[in-house]
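There are 2 protein chains.
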Amino acid sequence: MEEKNFDYLRELIEKGDFSLLRHELSEMNEVDIAEFLGELDHDVMLRVFRILPKDISAEVFSYLESEDQGDIISRITDTEINKLVDDLFLDDVVDLVEEVPANLVTRILKNASPETRRLINTYLNYPEESAGSIMTNEMVELHDRLTVGQAIEQIRRTGVDKETIYTCYCIDNSRHLKGTIDLADLVFHDNDALLRDIMDDDKQLIFVKTTDDQEEVAEVVKHYDLLAVPVVDTENRLVGIVTIDDILDIIEEETEEDFEKMAALLPSEDEYLKTPVHILVKNRIGWLLVLMISATLTGSIIQNFEDMLAVITGLTAAIPIITGTGGNAGNQSSTLAIRALALGEIELKDWFKVLFKEIRVAAICGVILGAANFLRMVVLHNPGGMQVYIIVSLAMFCAVLMAKMIGCMLPLLAKLVKIDPAVIAGPVISTMVDSLSLLVYFALAKAFLLR
Amino acid sequence: MEEKNFDYLRELIEKGDFSLLRHELSEMNEVDIAEFLGELDHDVMLRVFRILPKDISAEVFSYLESEDQGDIISRITDTEINKLVDDLFLDDVVDLVEEVPANLVTRILKNASPETRRLINTYLNYPEESAGSIMTNEMVELHDRLTVGQAIEQIRRTGVDKETIYTCYCIDNSRHLKGTIDLADLVFHDNDALLRDIMDDDKQLIFVKTTDDQEEVAEVVKHYDLLAVPVVDTENRLVGIVTIDDILDIIEEETEEDFEKMAALLPSEDEYLKTPVHILVKNRIGWLLVLMISATLTGSIIQNFEDMLAVITGLTAAIPIITGTGGNAGNQSSTLAIRALALGEIELKDWFKVLFKEIRVAAICGVILGAANFLRMVVLHNPGGMQVYIIVSLAMFCAVLMAKMIGCMLPLLAKLVKIDPAVIAGPVISTMVDSLSLLVYFALAKAFLLR
Chain C
1 MEEKNFDYLR ELIEKGDFSL LRHELSEMNE VDIAEFLGEL DHDVMLRVFR
51 ILPKDISAEV FSYLESEDQG DIISRITDTE INKLVDDLFL DDVVDLVEEV
101 PANLVTRILK NASPETRRLI NTYLNYPEES AGSIMTNEMV ELHDRLTVGQ
151 AIEQIRRTGV DKETIYTCYC IDNSRHLKGT IDLADLVFHD NDALLRDIMD
201 DDKQLIFVKT TDDQEEVAEV VKHYDLLAVP VVDTENRLVG IVTIDDILDI
251 IEEETEEDFE KMAALLPSED EYLKTPVHIL VKNRIGWLLV LMISATLTGS
301 IIQNFEDMLA VITGLTAAIP IITGTGGNAG NQSSTLAIRA LALGEIELKD
351 WFKVLFKEIR VAAICGVILG AANFLRMVVL HNPGGMQVYI IVSLAMFCAV
401 LMAKMIGCML PLLAKLVKID PAVIAGPVIS TMVDSLSLLV YFALAKAFLL
451 R
Chain R
452 MEEKNFDYLR ELIEKGDFSL LRHELSEMNE VDIAEFLGEL DHDVMLRVFR
502 ILPKDISAEV FSYLESEDQG DIISRITDTE INKLVDDLFL DDVVDLVEEV
552 PANLVTRILK NASPETRRLI NTYLNYPEES AGSIMTNEMV ELHDRLTVGQ
602 AIEQIRRTGV DKETIYTCYC IDNSRHLKGT IDLADLVFHD NDALLRDIMD
652 DDKQLIFVKT TDDQEEVAEV VKHYDLLAVP VVDTENRLVG IVTIDDILDI
702 IEEETEEDFE KMAALLPSED EYLKTPVHIL VKNRIGWLLV LMISATLTGS
752 IIQNFEDMLA VITGLTAAIP IITGTGGNAG NQSSTLAIRA LALGEIELKD
802 WFKVLFKEIR VAAICGVILG AANFLRMVVL HNPGGMQVYI IVSLAMFCAV
852 LMAKMIGCML PLLAKLVKID PAVIAGPVIS TMVDSLSLLV YFALAKAFLL
902 R
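Below you can see the structure in the form of structure tokens.
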């Protein structure tokens, strides 16, 4: 997407023409306004935020970075906070409370209505990353004994404040979720029809529980192509909804976590440039240390064969080529296995199918790589002669075969013992493959060259 | 998400009670029905598909795997195909035509209405992965001179066949996109209001062009929290919309591509278990060969120093530990840089900020790793003595420093010269880091140990 050009707006600020600025802003998309605000100095930002038309200022606020949100909250009056919290969707208030420093949290809670305060506290008590912690309570609930006419009237009266009105949720006297009805269906039906007769009340009504993990919620929404999914409590009472825009954020967050885990990083939710150096170090050093220490195994294998390596020229130079190729081959297989698991394309019970497939792929790749390596050594007149070339090529074949088998099985094994497969990715597998392929390499060399 | 249990439905099939089965299916969600059909043998699947209530069979069909779709198309009559193509959303028909074998394409086109056939051909002509190739033409278009009452009447009459009616698109006589209006706003406004007076017609009306890349389309929808985005042709005429369910698929597809590229794989759209072995080999062998050949550089560096390695005990064993740690450190930095670029968190102009941050992180990690390595060698009584320990630890510090600098800069450089940063990931960087860190290692060893 192209960068937006806000120069004209900045000129208006410099000229001090805030009334024209207000007019220009009122014609802009709220996301763009937030982007523009984010680029301003804090003093100016606050001034511009305050002149925003009342009906859009809360939405603009919800699109600001949490840092800027905190800054605004810390500078506006109690009355303004009260108004803002009232206008924001509840899930955005909860996000805000989770992000800002403690003293601001106190101010926000103090200035929220008792009902909002109670709800915020309830939401904060749901486990992190659960449906309860990400839902909003701004949905249209309709009693299932209403008629279409009454329902539309109720939506007209109360719907403007709801996060989505496109799917309405039908409940009974005890707030149990009985069915859903699309706004479109309401519009198309006779005014006299009863909701309970026309609502979707499939046996398999789709909903999630407050305690469900957000990843599961995302799965459900994706699987059923929903715009929002209802959330019920332990007694099956409707307590909220999760909308698709939040689902997009969750999917992005979970994907990032996988990328980071697969690169031997502790997952972090912060933007790269905003993360302080000591946090970056903390997220990286653990795995680096573990992997370095475990590479000691590879080192000691080499150490054991150092005499042989010193005697036979050409053997040592091939070490990084064999281990590197093995590592890359294993990395390919583990990435495919981890992603196929994450997307539900394979399951634990498919382990043999996966293994058999990888063995065939590995055998073909191994033969090609071994042959190419042989040619490479011949063409480059590598030291060591024909016998060394053959040993190295054979070792490469074995390395690829082992790497692909380990690469595809380890993620499945991780899943079996309930470790996140993404953690068992590249670096861990490389370290294992390095040791094993060197053992095979040296064993071959010892058997055939030291006779 | 739990697996659905379809045993009861299977029993009904075995008993031959298809009328009860039909009733049960009519109460189920279309996505679940498709999942159930996908598990049946092809003969049974066709039989069950045929008894589906007419109003849901096209939707169920759209959720089937393309393989199963092809199978059904190949077995049903021309009349049935005609009906099915008519009932499907146009983007689903286009997907179908792109997936099934050529002889089935002919049958589908033959049995489509002339108008549909023309549209399919137009869509197929848009560049692959462009907005034009993924859009659908089933949107609600309203002339901007209509009143709210007339608009609602028109939606009632024609809306049921539309992919979404929640956002309606206002056009003028020449089909130019003039604004959008939410169904919710229609419902809340007086019947006499004119659309042109109440529609959203921001200066920055949000739309994409038919030729825009699908990744860009996804960015727009995500950025502006939209449920659908309008697509216009080169003359700004409204030709289609892309809905958020397709956006979710695109995001998933693009993420998978990044995972695959970063693991030195050619991207593939097929599910793992369904991809034949020779395709898997094809997607993997290219990069493996390139990386193996380029590892020759590392090999020849070792070869040049083989005499020194043979003389000084303890040097060779440290090779994989230094290169491995360097590779892991570089991999961390490159993954963060690639993802931050993909998510728009950093841009080319931030290169110095990124580099400076990585240098500080690398310095700290390098000192910790170097010290840990020194301890490790002392504790394990590694051969070579104090001098070797110091050289190896120093070399490790340098390797981490170089790895993190290269790891963060190479993706930016790739972006600068318009190569996909994801391609310049782990394996490529490891190969570079391996060579450089060995050069430093051996230079240090030569300078201090061979005096």
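Read top to bottom, the protein sequences are chains C and R. Each residue of the first sequence is one higher than the one before, counting from 1 in our numbering. Each residue of the second sequence is one higher than the one before, counting from 452 in our numbering. Idealized CB from N, CA, C, for every residue including glycine. Given the structure is predicted, the values throughout are model-derived calculations rather than measurements.
{"Check": "At a CB-CB cut-off below 7 Å, which residues of chain R make contact with Y166/C?", "Outcome": "Y617"}
{"Check": "Please confirm whether F6/C has its beta-carbon closer than 8 Å to some beta-carbon of chain R.", "Outcome": "no"}
{"Check": "Would you kindly work out how many angstroms separate the C-alpha atoms of F639/R and R156/C, rounded to a whole number?", "Outcome": "6 Å"}
{"Check": "With 8 Å set as the bound, which would you pick, yes or no: does the beta-carbon of F188/C sit closer than that to a beta-carbon of chain R?", "Outcome": "yes"}
{"Check": "Is the region 884-899 of chain R in contact with the region 844-863 of chain R, if contact means three or more CB pairs nearer than 8 Å?", "Outcome": "yes"}
{"Check": "Is any beta-carbon of chain R found at less than 8 Å from that of R10/C?", "Outcome": "no"}
{"Check": "Can you check the region 522-605 of chain R for any alpha helix (DSSP H) of at least 4 residues that lies completely inside it and give the ranges in chain order?", "Outcome": "529-538, 541-550, 553-562, 565-576, 582-585"}
{"Check": "For H176/C, does the three-state DSSP call read helix, strand or coil?", "Outcome": "strand"}
{"Check": "Using a Cβ-Cβ cut-off of 8 Å, state whether H982/R counts as contacting chain C.", "Outcome": "Any property of residue 982/R remains undetermined from this structure, which presents chain R solely from 452 to 902."}
{"Check": "State yes or no: is the beta carbon of P320/C nearer than 8 Å to at least one beta carbon in chain R?", "Outcome": "yes"}
{"Check": "Rounded to whole angstroms, what is the Cα-Cα separation between L460/R and D201/C?", "Outcome": "19 Å"}
{"Check": "Using a Cβ cut-off of 8 Å (strictly closer), state whether V728/R contacts chain C.", "Outcome": "yes"}
{"Check": "Under 8 Å, do V423/C and K261/C count as touching if we go by C-beta distance?", "Outcome": "yes"}
{"Check": "With 16 other CB atoms within 10 Å as the buried threshold, where does R145/C fall?", "Outcome": "exposed"}
{"Check": "Alpha carbons only, please: which of V511/R, M479/R, L637/R is nearest the one belonging to A485/R?", "Outcome": "V511/R"}
{"Check": "List the DSSP bridge partners of Y169/C.", "Outcome": "E141/C, T180/C"}
{"Check": "Taking DSSP as the reference, what is the three-state secondary structure of L194/C?", "Outcome": "strand"}
{"Check": "Is it the case that the Cβ atoms of G70/C and V48/C are separated by a distance below 8 Å?", "Outcome": "no"}
{"Check": "Among T136/C, D434/C, M135/C, N173/C, whose alpha-carbon lies nearest the alpha-carbon of T296/C?", "Outcome": "D434/C"}
{"Check": "What residues in its chain sit with their C-beta under 6 Å from that of A362/C, if we drop five residues either side in the sequence?", "Outcome": "V400, L401, K404"}
{"Check": "Between the Cα of N624/R and the Cα atoms of I603/R, E592/R, M650/R, which residue gives the shortest distance?", "Outcome": "E592/R"}
{"Check": "Okay, do the region 776-791 of chain R and the region 757-766 of chain R touch, 3+ Cβ pairs below 8 Å being the bar?", "Outcome": "no"}
{"Check": "Drop a sphere of 10 angstroms on the beta-carbon of I108/C, count the other beta-carbons inside from all chains shown, and report buried for 16 or more, exposed for fewer.", "Outcome": "buried"}
{"Check": "From what residue to what residue does the alpha helix (DSSP H) around G489/R run?", "Outcome": "481-489"}
{"Check": "Once you ignore the five residues that flank I815/R on each side, which residues in its own chain have a CB closer than 8 Å to its CB?", "Outcome": "none"}
{"Check": "Verify whether the separation of the beta carbon atoms of A228/C and I206/C is less than 8 Å.", "Outcome": "no"}
{"Check": "I'd like to check one pair, Q655/R with M199/C: are the Cβ atoms closer than 8 Å?", "Outcome": "no"}
{"Check": "Taking all protein chains shown into account, do 16 or more other C-beta atoms lie within 10 angstroms of the C-beta of T335/C, making it buried, or fewer, making it exposed?", "Outcome": "buried"}
{"Check": "Please report the distance separating the alpha-carbon of K869/R from that of G286/C.", "Outcome": "34 Å"}
{"Check": "Straight-line CA distance for S881/R to I338/C?", "Outcome": "21 Å"}
{"Check": "Under 8 Å, Cβ to Cβ, is there at least one residue of chain C near K629/R?", "Outcome": "no"}
{"Check": "What's the gap between the Cα of H23/C and the Cα of D636/R?", "Outcome": "22 Å"}
{"Check": "Taking 8 Å as the threshold (beta carbon to beta carbon), is G521/R in contact with chain C?", "Outcome": "no"}
{"Check": "Go ahead and label S19/C buried or exposed: buried means 16 or more other beta carbons lie within 10 angstroms of its beta carbon, across all protein chains shown.", "Outcome": "exposed"}
{"Check": "Which stretch, first to last residue, makes up the beta strand (DSSP E) that contains A679/R?", "Outcome": "679-683"}
{"Check": "Are the C-beta of Q783/R and some C-beta of chain C separated by less than 8 Å?", "Outcome": "yes"}
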